[in-house]
Amino acid sequence: MQTLIALGLALVLVPPAAAETIYVSNEQDNTVAVVDGATMTLQAAIDVGRRPRGMALSVDKKVLFVAEGDDNRIDVVDLAKRQVVGQLPSGADPEFFVVHPDGKRLFVANENDNQVSVVDIAGAKIIGTVDVGVEPEGMAVSGDGRTVACTSETTSMIHLIDAATLELIDNLLVDTRPRAAAFSVDGKQLWVSSEIRGSVTVFDTATRAQTGKTEFEVPGIRREGVQAVGIEMSRDGATAYVALGPANRIAEVDTKTFTVRRLYLVGQRPWHVALSDDQKQLISANGNSGDISFIDLENQEVVKSLPGGRGPWGVVIGP
Amino acid sequence: MAISNIQLGLLDLSLMRLALAFVGLLAIAFPALAEPQTMVIGYLGEQRKLPLPLGPLDEAVTDDGLQGARLGIADDAGTGRFLGQQFRLQERVLRPGEAPAEAVNAFAAAGISFVVADLDAAQLLQASAAPGAEQMTLFNSRDPDDGLRQEDCRRNVLHTIPSRAMLADALAQYLVWKGWQHWFLLTGPHPGDLAMAAAFRRAATRFGAQITIDKPWTFRPANGRVDTGHVTLQTEIPAATQVGDYDVLVVADEADEFGAYLEGRTALPRTVAGTQGLVATGWTAVDEEWGATQLQDRFHKQAGRWMLPSDYAAWLAVRSIGEAATRLHSLDPTAIAKYLRSDDFLLAGFKGQGLSFRPWDGQMRQPILIAGPRLLVSSSPQPGFLHQRTPLDTLGVDLEESTCKL
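Residue numbers (our numbering), protein chains in the order written: chain V, 1 to 319; chain E, 1001 to 1406.
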């Protein structure tokens, strides 16, 4: 028994492999919460522009870009100083964006203008736009940097953009009100979530044919209450995590069979999720309950709920 | 290696240009081949007498409903342009007193199968009985009359505007959730006011509220805009509301003649809710939740004013047709009419969940917004009001109580 307790204590005291920092955008109080991943405690709140939602790290991981929907710009946050040190133009109403692997460009969904703006980071200017469907939102870029994907909510499509020529390669019909898009790590699959249908649709990126689909069901919740939003792919390619919005769950999906392995009950209305660098912890930003849930994936349980600010939306893991 | 890749890329590009040019030639030679399919949707409105503006900030609107239908067409075209589907609105506004049958028959003759019927109940029933309407689907985007969903329901009519029963149930749920269960119901003299009051009484019974005081508004319509008009109102309203105690004053004044004068003038310091004050509505300009900001913004850009409930209902109608066409990959009217009424149909309407049509009376089930003058207050159904099928069916006339025979 004593040995067991000692073992238990040892387990508790062993720190996680890597120290990392979690950044959560709070769309209602205009801050980015800074959370220490090891201790799961709030370290700071960085004041940013109005209605921060989409976020992404620079390729060198020294800077966090934050889309400010109500200020029509992207703030540049220096992670060492923990303050905004610059601004980039974004086009109207930026919600979500991706950093291109070349490290030089951002691709920004302009929700009010039915277009994607391409931003040159060094020059702080918009160097191109691509017309897409109505209310572009989710953005993803393939690992090889060739293809940028953008969902349009009212058009119910995923638009594939050639990152070099900025031409539309294809427009694929998906389920109603698509929110997020994500490429698999090997680049062979493209995942798209649908808010109204509570589903994810998976496409083969080579043939652009639909190869899989998961329609989420949560016991005791009507289909209207099960909505799919943020997607995070595991680095080993075996798992996708999907935030189910008002169903207050995160689904763990097998990427081969497209079946749901398990559901994690988190705070209210999780928007987006992110995996820790060691892939052992999943973090969700819960918009309605204003907290951040930490899921221990090895023990398959939610271990902590941390008040994070008003309206947590995006979540990014940094060094 | 890198260089040859680029060269290859260029080669690809020039080949593609050639191919595109060839396709262009084909399109010129055989225009029918390249022609996308077109769906023409009818809009049938009627000229209405403008209500007297109650306050100096009120703006007269002559195109409510129509602007919503137009925006629906623009949104349908968003998906349509990628699928080779075009959408066009054929607009027809009836003169005062003009019967709708001729316009409906003309729509039918032009091959139109779906019509946004922005009409009052009597006109709507006439339109649905026109010979041309036999194979059509009409969308009631205007009249909240409960009779249209009950004994006067029609096989060829769907309703995108919420019924009075839905609005009253939505407000009742919120008031009961607040614990404001004792109501003072104050009702105007017009048929719409009386019908709304009946819906409030039904809702009170359904959700456990009590109408402790039930009074008609008997004062002349007071014109608060005359110089020193407030002096009259300041004496009239306390007198009219000098009653026993209650939690909330529920006002039924669809004609908007006196309800707005109540807030801040009642004998007891109580909240005003109903058709004025805290209102239950299908749409309001103050809503920015569930992505509504985008819809509000593009409506304002198009119409130069805020989106009204009738605009939203017309938009829902046109978008429903577009959504069905998208899902079916087809503009076949028979298939679309069937799909609209199926279990699979779900429309994204900026209210946080998918919207669908009730099979028993053709009413679109939807959350109802509870709004103050500047901000959204809530959205019903409220938590805790349960239903065996969907909480949305706690609003309005449910399957088991419906008298509609389609």
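From the three backbone atoms N, C-alpha and C, an ideal C-beta is built for every residue, glycine too. Just so you know, these numbers come straight off a predicted model, no measurement behind them.
Task: Alpha-carbon to alpha-carbon, Q279(V) and L1316(E) - done: 44 Å
TODO: Go through its chain and collect everything with a Cβ distance to V1104(E)'s Cβ below 6 Å, but skip five positions before and after it.
DONE: A1127, A1130, G1132, A1133
TODO: Starting from the C-beta of T303(V), find all residues in its chain whose C-beta is less than 6 Å away, skip the five residues before and the five after it, and write them out in chain order.
DONE: The question names Thr, yet the displayed sequence has Val at residue 303(V). Around V303(V): F294, D296.
Task: Proximal residues to V1286(E) (C-beta, below 8 Å), its chain only, five neighbours per side dropped - done: A1371, G1372, P1373, R1374, L1375, L1376
Task: Any alpha helix (DSSP H) of 4 or more consecutive residues that is wholly inside the stretch 1087-1168 of chain E - done: 1101-1109, 1121-1129
TODO: Scan the stretch 1203-1255 of chain E and note each continuous beta strand (DSSP E) run of 3 residues or more that stays entirely inside, going in chain order.
DONE: 1210-1216, 1248-1252
- [ ] Tell me, please, whether the stretch 136-143 of chain V touches the stretch 175-195 of chain V by the rule of three or more beta-carbon pairs shorter than 8 Å.
- [x] yes
- [ ] Tell me whether Q1242(E) is buried or exposed, calling it buried when 16 or more other Cβ atoms sit within 10 Å of its Cβ.
- [x] exposed
Task: Min CB distance T1394(E) to chain V below 8 Å - done: no
- [ ] Using only alpha-carbon positions, find the residue among A1260(E), E1257(E), G1244(E), W1290(E) that is nearest to L1268(E).
- [x] G1244(E)
Task: Cross-chain neighbours of L173(V) in chain E, by beta carbon under 9 Å - done: T1079, F1082, L1083, T1326, R1327, H1329
Open item on the list: I'd like to confirm the pairing. Which residues does DSSP put opposite M139(V) in its beta bridges?
Closed with: C150(V)
Task: Residue closest to V1248(E), alpha-carbon to alpha-carbon, out of R1149(E), Q1210(E), E1151(E) - done: Q1210(E)
Task: Neighbour list for S156(V) in chain E, Cβ cutoff strictly below 7 Å - done: T1079, T1326
Task: Proximity test, Cβ basis, 8 Å: T1390(E) and chain V - done: yes
- [ ] Can you grab the Cα-Cα spacing for the pair L1033(E) / Q189(V), in whole Å?
- [x] Only weak support is given to the placement of L1033(E): the predicted model assigns it a pLDDT of 36, under 50, and the question is left unresolved by the model.
- [ ] Label A1203(E) either buried or exposed according to how many other C-beta atoms from any shown protein chain fall within 10 Å of its C-beta, with 16 as the threshold for buried.
- [x] buried
- [ ] Can you tell me the Cβ-Cβ gap for E68(V) and G49(V), rounded? I've got them flagged as a contact below 8 Å.
- [x] 3 Å
Open item on the list: Judging by CA-CA distance, which residue of R1155(E), A1252(E), W1217(E), R1048(E) is the nearest neighbour of A1360(E)?
Closed with: A small fix is needed here, since residue 1360(E) is Trp in this sequence, not Ala. Comparing Cα-Cα distances from W1360(E) to each of R1155(E), A1252(E), W1217(E), R1048(E), the minimum goes to R1155(E).
TODO: Find out if the Cβ-Cβ distance for the pair T1187(E), A1313(E) is shorter than 8 Å.
DONE: no
Open item on the list: Helix, strand or coil, according to DSSP, for V132(V) in the structure here?
Closed with: coil
Open item on the list: Restricting to Cα atoms, I'd like to know which of L1355(E), F1357(E), A1335(E), L1369(E) is closest to Q1135(E).
Closed with: A1335(E)
- [ ] Give the C-beta separation of S237(V) and R53(V) to the nearest angstrom, bearing in mind that I take them to be a contact with Cβ-Cβ under 8 Å.
- [x] Note that residue 237(V) is Gly in the sequence shown, not Ser. About 27 Å separates the two Cβ atoms, so there is no contact after all.
Task: Minimum C-alpha distance to G1080(E) - residue among L1328(E), K1405(E), S1342(E), F1350(E) - done: L1328(E)
Open item on the list: Does the CB of T326(V) have a neighbour CB from chain E at under 8 Å?
Closed with: Missing from the structure shown is residue 326(V); chain V here goes from 1 to 319 and no further.
Task: Cutoff 8 Å: N72(V) Cβ touching any chain E Cβ - done: no
Open item on the list: Can you tell me whether V134(V) sits near the ligand FMN, meaning its C-beta is under 7 Å from at least one heavy atom of the ligand?
Closed with: Looking for the ligand FMN in the displayed structure turns up nothing, as the structure carries no ligands at all.
TODO: Could you work out which residues of chain E lie near R235(V), taking near to mean beta carbons separated by less than 9 Å?
DONE: Those do not exist, as R235(V) stays about 28 Å from chain E at its closest Cβ, beyond 9 Å.
Open item on the list: Mapping the DSSP letters down to three states, classify T1079(E) as helix, strand or coil.
Closed with: helix
Open item on the list: Can you give me the C-alpha to C-alpha distance between G230(V) and A243(V), rounded to a whole angstrom?
Closed with: 5 Å
Open item on the list: With a threshold of 8 Å between beta carbons, is G1065(E) in contact with chain V?
Closed with: no
Open item on the list: Tell me the rounded alpha-carbon separation between I292(V) and E95(V).
Closed with: 20 Å
- [ ] Compare the C-beta of E68(V) against all C-beta atoms of chain E and say whether one is closer than 8 Å.
- [x] no
Task: Length of the line joining the Cα atoms of H1230(E) and I1237(E) - done: 10 Å
TODO: Report buried or exposed for N1140(E), applying the criterion of at least 16 other Cβ atoms within 10 angstroms of its Cβ.
DONE: buried
TODO: Using the Cα positions of Y1261(E) and S305(V), report the straight-line distance between them to the nearest angstrom.
DONE: 48 Å
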